[in-house]
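Asker: The sequence shown begins at 3 in my numbering and counts up one residue at a time.
Backbone N, C-alpha and C fix where the C-beta goes; we use that ideal spot for every residue, glycine too.
All figures in this text were calculated on a predicted structure; none of them were measured in a lab.
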Amino acid sequence: MLTIDDLWVNIDDKEVLKGLNLAVPAGETHILFGRNGSGKSTLLMTIMGFERYQVKQGRITFRGQDITQMPTFERARLGLGLSFQRPPTIRGVKTADILRVCSRGAIAPEVLAAAYNFTAFLDREVNYGFSGGELKRSELLQLLAQNPHMVLLDEPESGVDLENLQVVGEIIAKLLQKERRRQHRDKSGLIITHTGFIMDYVNADRAYILGDGRLCCQGNPRELLQDIKNFGYEECAKCRR
Ligand code: ADP
Ligand code: MG
3 MLTIDDLWVN IDDKEVLKGL NLAVPAGETH ILFGRNGSGK STLLMTIMGF ERYQVKQGRI
63 TFRGQDITQM PTFERARLGL GLSFQRPPTI RGVKTADILR VCSRGAIAPE VLAAAYNFTA
123 FLDREVNYGF SGGELKRSEL LQLLAQNPHM VLLDEPESGV DLENLQVVGE IIAKLLQKER
183 RRQHRDKSGL IITHTGFIMD YVNADRAYIL GDGRLCCQGN PRELLQDIKN FGYEECAKCR
243 R
């Protein structure tokens with residue numbers, strides 16, 4: 003689904019990613035750990051193709067196509083979807099309208115919202131005045147409407163209370179076809195999390211730690227999270243399993 007070879011990325015002349023390699027097969031969900039400022043968001047924003055993130059070297063391949071130089075909207079059309087860590091507010095655009103645009107007529111905003119208790123937000127401007135949990139639900143519903151082949155989720159549980167967490171988890175499970183048997187799934191996910199909470203819903207296949215601009219450790223998601231809790235990122239980065 004997604005392959006990244008030797009990716010070097012700068013933001014405003016600051017080197018953030020330094021030779022990162024990564025592969026997410028179709029039907030798999032991978033988790034990305036890393037301390038604050040390690041470049042996790044930078045990686046997702048670069049995969050999505052935002053201009054601020056300058057690719058100095060390396061290649062990003064998605065569904066067999068080299069997308070390294072492709073504009074963001076074309077990547078979205080190819081089936082890449084992103085949920086932002088800090089979603090922007092869009093004044094003047096109603097949530098129902100953006101859901102309609104995302105789904106390109108495939109599903110009515112009312113139907114989608116009704117399924118996830120979001121009807122009251124349809125007439126409100128996108129993310130304007132939304133609470134932490136409402137922001138994340140709004141983001142994820144837009145992704146559901148878009149129905150991408152691969153979702154990039156940047157800390158989907160941050161700022162979300164316990165009740166909303168369950169809804170967030172359910173939407174993510176839906177996005178990743180977790181109701182299907184493994185061999186019948188073809189959607190993929192790359193998820194940034196600090197708490198690992200989301201792993202209760204998605205049954206992730208693999209996890210990595212991002213450190214010093216590349217993946218410095220990888221393994222079973224729950225084991226890796228436990229190691230980080232026990233030993234901290236610095237020690238984890240040294241073990242290089
Ligand atoms: P993470 O998501 O892992 O917390 P980020 O990818 O957001 O980390 O940031 C990686 C590094 O790049 C951080 O040191 C951050 O301060 C820096 N950075 C992010 N945006 C900019 C910017 N616009 N200008 C300069 N440095 C930036
Ligand atoms: Mg981040």
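Taking only runs that begin and end inside the region 11-46, name each unbroken alpha helix (DSSP H) of 4 or more residues, in chain order.
Answerer: Runs of the alpha helix (DSSP H) inside the region 11-46: none found.
Asker: What three-state label does DSSP hand residue 217 in the structure shown?
Answerer: Note: residue 217 maps to strand in three-state DSSP.
Asker: Is residue 85 near the ligand MG, going by C-beta to nearest heavy atom under 7 Å?
Answerer: Answer for residue 85: no, Cβ out of range of the ligand MG.
Asker: DSSP state of residue 195, grouped into three classes?
Answerer: Here residue 195 sits in coil by DSSP.
Asker: Closer than 6 Å from C-beta to any heavy atom of the ligand ADP: which residues, in chain order?
Answerer: Answer in sequence order: 13, 14, 16, 18, 36, 38, 39, 40, 41, 42, 43 and 44.
Asker: Measuring straight from C-alpha to C-alpha, what distance separates residue 139 and residue 201?
Answerer: In a straight line, the C-alpha of residue 139 is about 17 Å away from that of residue 201.
Asker: Would you mind working out which of 232, 216, 228 and 225 sits nearest residue 20, comparing C-alpha positions?
Answerer: Here the closest residue by C-alpha is 216.
Asker: How many angstroms separate the CA atom of residue 53 from the CA atom of residue 84?
Answerer: Answer to the nearest angstrom: the Cα atoms are 15 Å apart.
Asker: Can you tell which of 26, 167 and 36 has its C-alpha closest to the C-alpha of residue 194?
Answerer: Considering only alpha carbons, the answer is 36.
Asker: Under a three-way DSSP split, which group does residue 70 fall into?
Answerer: Here residue 70 sits in coil by DSSP.
Asker: Sorted by chain position, which residues of the same chain lie with C-beta nearer than 6 Å to residue 135's C-beta, five sequence neighbours on each side aside?
Answerer: Around residue 135: 162, 163 and 166.
Asker: Under the rule that 16 or more other beta-carbon atoms within 10 Å means buried, what is residue 113, buried or exposed?
Answerer: The residue is exposed, with fewer than 16 neighbouring Cβ atoms inside 10 Å.
Asker: Would the C-beta of residue 156 count as close to the ligand MG, meaning under 7 Å from any of its heavy atoms?
Answerer: For the ligand MG, at least one heavy atom lies less than 7 Å from the Cβ of residue 156.
Asker: Which class does residue 93 belong to by DSSP, given the choice of helix, strand or coil?
Answerer: Residue 93: strand per DSSP, three-state reduction.
Asker: Taking only three categories from DSSP, how would you classify residue 64?
Answerer: Three-state DSSP puts residue 64 in a strand.
Asker: Go through its chain and collect everything with a Cβ distance to residue 92's Cβ below 6 Å, but skip five positions before and after it.
Answerer: 128.
Asker: Counting C-beta neighbours from all protein chains within 10 Å, is the total for residue 184 16 or more, i.e. buried, or is it exposed?
Answerer: Label assigned to residue 184: exposed.
Asker: Could you have a look at residue 269 and say whether DSSP puts it in helix, strand or coil?
Answerer: The question about residue 269 has no answer, for the chain in this structure spans 3 to 243.
Asker: Would you list the residues sitting across from residue 85 in a DSSP beta bridge?
Answerer: Beta-bridge pairing links residue 85 to 155.
Asker: Spell out the partners DSSP gives residue 133 in its beta bridges.
Answerer: Beta-bridge pairing links residue 133 to no other residue.
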